[in-house]
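See below for the structure under consideration.
There are 2 protein chains.
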Amino acid sequence: MTKLWGGIEAGGTKFVCAAGTGPNDIRAEQRFPTTTPTETIGRAIDYFRQQQAEHGKLAAVGIASFGPIDPNPASPKFGTITTTPKPGWANTDFAGAVGRALGVPVGFDTDVNAAALGEWRWGAGQGLANLIYFTIGTGIGGGGLLNGKLMHGLIHPEMGHMRLPHDLTADPYRGRCPYHGDCFEGLACGPAISERWKQAADTLPDGHPAWVLEAHYLALAMTNVICTLSPERIILGGGVMSHPTLLAMVQREVRELLAGYVQSPAILNNIDKYIVAPGLGNQSGVLGAFALAEQAFSAAAR
Amino acid sequence: MTKLWGGIEAGGTKFVCAAGTGPNDIRAEQRFPTTTPTETIGRAIDYFRQQQAEHGKLAAVGIASFGPIDPNPASPKFGTITTTPKPGWANTDFAGAVGRALGVPVGFDTDVNAAALGEWRWGAGQGLANLIYFTIGTGIGGGGLLNGKLMHGLIHPEMGHMRLPHDLTADPYRGRCPYHGDCFEGLACGPAISERWKQAADTLPDGHPAWVLEAHYLALAMTNVICTLSPERIILGGGVMSHPTLLAMVQREVRELLAGYVQSPAILNNIDKYIVAPGLGNQSGVLGAFALAEQAFSAAAR
Chain A
43 MTKLWGGIEA GGTKFVCAAG TGPNDIRAEQ RFPTTTPTET IGRAIDYFRQ
93 QQAEHGKLAA VGIASFGPID PNPASPKFGT ITTTPKPGWA NTDFAGAVGR
143 ALGVPVGFDT DVNAAALGEW RWGAGQGLAN LIYFTIGTGI GGGGLLNGKL
193 MHGLIHPEMG HMRLPHDLTA DPYRGRCPYH GDCFEGLACG PAISERWKQA
243 ADTLPDGHPA WVLEAHYLAL AMTNVICTLS PERIILGGGV MSHPTLLAMV
293 QREVRELLAG YVQSPAILNN IDKYIVAPGL GNQSGVLGAF ALAEQAFSAA
343 AR
Chain B
43 MTKLWGGIEA GGTKFVCAAG TGPNDIRAEQ RFPTTTPTET IGRAIDYFRQ
93 QQAEHGKLAA VGIASFGPID PNPASPKFGT ITTTPKPGWA NTDFAGAVGR
143 ALGVPVGFDT DVNAAALGEW RWGAGQGLAN LIYFTIGTGI GGGGLLNGKL
193 MHGLIHPEMG HMRLPHDLTA DPYRGRCPYH GDCFEGLACG PAISERWKQA
243 ADTLPDGHPA WVLEAHYLAL AMTNVICTLS PERIILGGGV MSHPTLLAMV
293 QREVRELLAG YVQSPAILNN IDKYIVAPGL GNQSGVLGAF ALAEQAFSAA
343 AR
């Protein structure tokens with residue numbers, strides 16, 4: 043029988059909640075601002091109760107969360123947002139609160155791991171055991187599946203904070219990461235583009251040197267990800283990627299940077315099918331939350 | 043019953059062959075130079091035949107190989123060295139030749155994946171599902187296990203070729219990678235140290251600025267690996283790491299570069315147990331080959 047999933051895309055500025063069964067059936071998506079944990083998680087719970095009253099019992103809920111988080115089901119702090127600087131949210135037992143209120147299994151992971159799982163389940167990464175998803179937006183994050191499972195390890199990846207070559211002569215901008223200055227996120231997130239060029243990123247025209255520089259940093263980062271992880275595909279999502287020519291510029295420069303060293307047809311001949319846009323558009327997050335719910339349901343049923 | 047394994051550590055300049063059952067039982071290790079595939083693989087087969095005559099049948103052989111290779115058992119080119127510039131070795135069916143001659147299952151992977159597996163089985167990474175091993179020597183390579191399995195993906199990692207920040211004012215050396223110039227390996231392999239300082243790396247004294255710079259590049263690379271993969275431990279092997287103070291310098295600088303962003307006790311309080319020397323010393327490779335043999339035996343028995 044088709045199961046009804048609940049999904050929360052929990053961002054630092056807004057929450058998106060939805061219920062549904064998959065990409066062709068997303069019901070009554072609701073958005074509200076992220077305020078205090080009690081209020082915001084309370085609104086999400088109210089939303090799901092209302093959905094249950096209208097459509098019947100949810101089988102499970104998935105949460106695609108801002109972080110850092112504890113996504114390890116074996117840990118006593120599983121389901122919590124851990125050390126975020128966002129006021130009030132540190133050590134919030136997010137998954138526990140939702141699970142107790144609704145009495146359903148809860149899947150919980152980073153926003154980017156969830157998006158990767160959504161793309162693996164229904165989007166541009168179907169059937170791939172080694173898949174990386176990046177969001178390039180207000181912040182930069184990366185996650186994915188390796189050897190068929192979501193990436194956790196010590197905690198979870200923080201791919202936005204890798205260090206990249208930064209030619210201060212060509213680009214004297216010092217970067218805006220409060221921890222690392224000119225790490226990947228510090229150089230290439232949307233607000234960094236706006237601050238560097240003193241103009242909102244989405245108003246910079248095609249052909250502006252901003253996009254050449256942005257493609258350069260993105261290509262350096264993707265080159266490092268390819269050398270480090272050897273993924274079968276990379277999906278680039280997030281608001282910055284909506285600039286129309288950016289993806290093709292990144293694809294071209296990754297191939298140049300690898301310089302023929304990684305001898306795979308995927309890179310040498312089909313880079314346009316190797317580094318791709320999300321198959322689920324801007325719904326990777328919510329559908330990723332559904333996919334987390336589905337995983338949690340299966341785990342609870344075992 | 044204890045099984046007898048054969049192991050080949052196949053490097054670009056020399057082969058090391060051994061037979062044995064584990065770290066406390068390595069018999070009659072033999073070394074010879076890497077010449078043509080026919081001659082070199084032939085000598086390895088002769089060695090194993092002689093071991094079998096003396097000690098009884100080998101249960102399986104493992105090969106820890108220089109690359110790039112095809113380590114995917116489902117691929118028609120499994121077991122081959124693929125596109126190496128080393129004369130005569132491109133498209134060599136290495137595992138197939140050994141398996142046909144000896145009539146045993148053959149495990150085949152990169153030298154660094156094998157070393158990681160050896161350390162996971164008997165050394166400094168026991169019980170860790172997410173473990174990275176680097177060799178810092180004539181070249182630089184990294185591999186490991188993620189989610190409990192060896193890293194393959196599209197092909198296999200080439201971690202030595204990630205790009206790092208390179209301050210040309212502080213270090214005008216242009217790097218020696220024939221593909222990428224100043225990638226990680228181009229800046230930080232043993233021959234790069236010797237070329238930059240015009241002195242053999244192993245003769246540079248403690249306190250020489252060469253080691254500060256080397257630690258800096260190693261720390262940048264390990265920081266990127268931590269942000270990208272979130273490993274539970276990193277093992278640093280290879281000849282360059284034998285410089286006595288280098289490991290501690292890398293540990294210290296990794297913590298500085300992460301700047302408190304990754305909030306794990308492993309990094310904040312126990313970095314000396316997080317980035318470590320190999321537990322198997324310079325036998326990670328040969329014992330890794332035994333561990334590959336063991337995996338191949340188990341797979342064949344299923």
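Protein sequence lines, in the order shown, are assigned to chains A and B.
Count along the first sequence from 1, then add 42; that gives the number in this note's numbering.
Count along the second sequence from 1, then add 42; that gives the number in this note's numbering.
Just so you know, even glycine gets a beta-carbon here, dropped at the ideal spot from N, CA and C.
All figures in this text were calculated on a predicted structure; none of them were measured in a lab.
Since residue i is in the beta strand (DSSP E), which residue starts that stretch and which ends it?
i: residue 69 of chain B; result: 67 to 75
i: residue 88 of chain B; result: That residue, residue 88 of chain B, is in no beta strand (DSSP E); its alpha helix (DSSP H) goes 79 to 97.
i: residue 336 of chain A; result: Not the beta strand (DSSP E): residue 336 of chain A falls in the alpha helix (DSSP H), residues 326 to 343.
i: residue 346 of chain A; result: Since the first and last residues shown for chain A are 43 and 344, residue 346 of chain A lies out of range.
i: residue 267 of chain A; result: It is not in any beta strand (DSSP E) - residue 267 of chain A instead sits in the alpha helix (DSSP H) that spans 251 to 271.
i: residue 184 of chain B; result: 182 to 188
Would you mind reading off the limits of the alpha helix (DSSP H) that contains residue i?
i: residue 313 of chain A; result: 313 to 316
i: residue 148 of chain B; result: Run containing residue 148 of chain B: none in the alpha helix (DSSP H); it sits in the beta strand (DSSP E), 148 to 152.
i: residue 226 of chain B; result: 226 to 230
Quick check: is the beta carbon of residue i nearer than 7 Å to any beta carbon in chain B?
i: residue 337 of chain A; result: no
i: residue 68 of chain A; result: no
i: residue 189 of chain A; result: yes
i: residue 303 of chain A; result: yes
i: residue 250 of chain A; result: no
i: residue 175 of chain A; result: no
i: residue 155 of chain A; result: no
i: residue 266 of chain A; result: yes
i: residue 273 of chain A; result: yes
i: residue 208 of chain A; result: yes
i: residue 107 of chain A; result: no
i: residue 306 of chain A; result: yes
i: residue 114 of chain A; result: no
i: residue 172 of chain A; result: yes
Cβ atoms of residue j and residue i: under 7 Å apart, would you say?
i: residue 334 of chain A; j: residue 151 of chain A; result: yes
i: residue 189 of chain B; j: residue 189 of chain A; result: yes
i: residue 106 of chain A; j: residue 331 of chain A; result: yes
i: residue 345 of chain B; j: residue 86 of chain B; result: Here chain B has residues from 43 to 344 only, and residue 345 of chain B is not among them.
i: residue 199 of chain A; j: residue 270 of chain B; result: yes
i: residue 280 of chain B; j: residue 184 of chain B; result: no
i: residue 282 of chain B; j: residue 58 of chain B; result: no
i: residue 76 of chain B; j: residue 130 of chain B; result: no
i: residue 182 of chain A; j: residue 227 of chain A; result: yes
i: residue 259 of chain A; j: residue 212 of chain A; result: no
i: residue 306 of chain B; j: residue 309 of chain A; result: no
i: residue 148 of chain A; j: residue 137 of chain A; result: yes
i: residue 195 of chain A; j: residue 295 of chain B; result: no
Compute every distance between the C-beta of residue i and the non-hydrogen atoms of the ligand MG, then say whether any falls below 6 Å.
i: residue 96 of chain A; result: The model on display carries no ligand, and the ligand MG is accordingly not part of it.
Just the Cα atoms here: how many angstroms apart are residue i and residue j?
i: residue 321 of chain B; j: residue 104 of chain B; result: 20 Å
i: residue 55 of chain A; j: residue 123 of chain A; result: 15 Å
i: residue 284 of chain A; j: residue 164 of chain A; result: 21 Å
i: residue 80 of chain B; j: residue 109 of chain B; result: 17 Å
i: residue 51 of chain B; j: residue 344 of chain B; result: 26 Å
i: residue 186 of chain A; j: residue 318 of chain B; result: 27 Å
i: residue 167 of chain B; j: residue 169 of chain A; result: 30 Å
i: residue 171 of chain A; j: residue 249 of chain B; result: 46 Å
i: residue 242 of chain B; j: residue 302 of chain A; result: 30 Å
i: residue 287 of chain A; j: residue 313 of chain A; result: 15 Å
i: residue 325 of chain A; j: residue 236 of chain A; result: 25 Å
i: residue 140 of chain B; j: residue 83 of chain B; result: 7 Å
i: residue 338 of chain A; j: residue 290 of chain B; result: 42 Å
i: residue 207 of chain B; j: residue 47 of chain B; result: 43 Å
i: residue 153 of chain A; j: residue 112 of chain A; result: 13 Å
i: residue 201 of chain B; j: residue 247 of chain A; result: 36 Å
i: residue 157 of chain A; j: residue 234 of chain A; result: 23 Å
i: residue 64 of chain A; j: residue 49 of chain A; result: 11 Å
For residue i, would you say it is in contact with chain A, using Cβ-to-Cβ distances shorter than 7 Å as the test?
i: residue 201 of chain B; result: yes
i: residue 269 of chain B; result: yes
i: residue 117 of chain B; result: no
i: residue 197 of chain B; result: yes
i: residue 205 of chain B; result: yes
i: residue 262 of chain B; result: yes
i: residue 221 of chain B; result: yes
i: residue 125 of chain B; result: yes
i: residue 312 of chain B; result: no
Thinking residue i and residue j are a contact (beta carbons under 8 Å), I'd like their distance in whole angstroms, please.
i: residue 292 of chain B; j: residue 264 of chain B; result: 7 Å
i: residue 316 of chain B; j: residue 277 of chain B; result: The Cβ separation is near 10 Å, so there is no contact.
i: residue 69 of chain A; j: residue 93 of chain A; result: 7 Å
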